[in-house]
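Let me begin by presenting the structure, written as structure tokens, before commenting on it.
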Amino acid sequence: MEVSAGFMTKQDALVRFSDENCTLQLEVRSSVSGLFGKAVRKAAGEELSRLNVINGRVWIEDNHALDFVIRARIQAVVMEMREAGCKV
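Heads up: the sequence shown begins at 693 in the working numbering, then just goes up one per residue.
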């Protein structure tokens, strides 16, 4: 199963989550990766850890999103997966 949250508009991020049976994998694409790529990856990792996500695949397409937007999008996809009965 795969779910997504967000949009590719300015100052937003599109986050997709797949419940693949694998250890947690995170892929980040950012229009500002040279400046903020590490910060985006750090925020995403911290939020996934806070939500106790240990498996699945997460793709983030960032378009100048602030930290709290990335965290909110991650929370939305994880909650949707869990509501659907997926173990993540």
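Note that beta-carbon positions come from the ideal geometry of N, C-alpha and C, so glycine has one too. Keep in mind that this is a model prediction, so the values were computed, not measured.
DSSP three-state label for residue i, please.
{"i": "residue 740", "result": "helix"}
Have a look at the options and flag the residue whose alpha-carbon is nearest the alpha-carbon of residue i.
{"i": "residue 749", "options": "778, 701, 700", "result": "778"}
{"i": "residue 713", "options": "720, 730, 705, 694", "result": "694"}
{"i": "residue 702", "options": "758, 766, 776, 767", "result": "758"}
{"i": "residue 763", "options": "772, 738, 773", "result": "738"}
{"i": "residue 731", "options": "717, 744, 752", "result": "752"}
Check the DSSP bridge columns for residue i and list the partner residues they point to.
{"i": "residue 721", "result": "753"}
{"i": "residue 706", "result": "753"}
If residue i and residue j are in contact, beta carbons under 8 angstroms, what's the gap, nearest whole angstrom?
{"i": "residue 769", "j": "residue 699", "result": "At roughly 13 angstroms, the Cβ-Cβ gap does not stay under 8 angstroms, so residue 769 and residue 699 are not in contact."}
{"i": "residue 736", "j": "residue 720", "result": "7 angstroms"}
Over the uninterrupted beta strand (DSSP E) stretch that includes residue i, give me the two end residues.
{"i": "residue 764", "result": "Counting along the chain, residue 764 falls outside any beta strand (DSSP E), though it belongs to the alpha helix (DSSP H) covering 759–775."}
{"i": "residue 695", "result": "694–697"}
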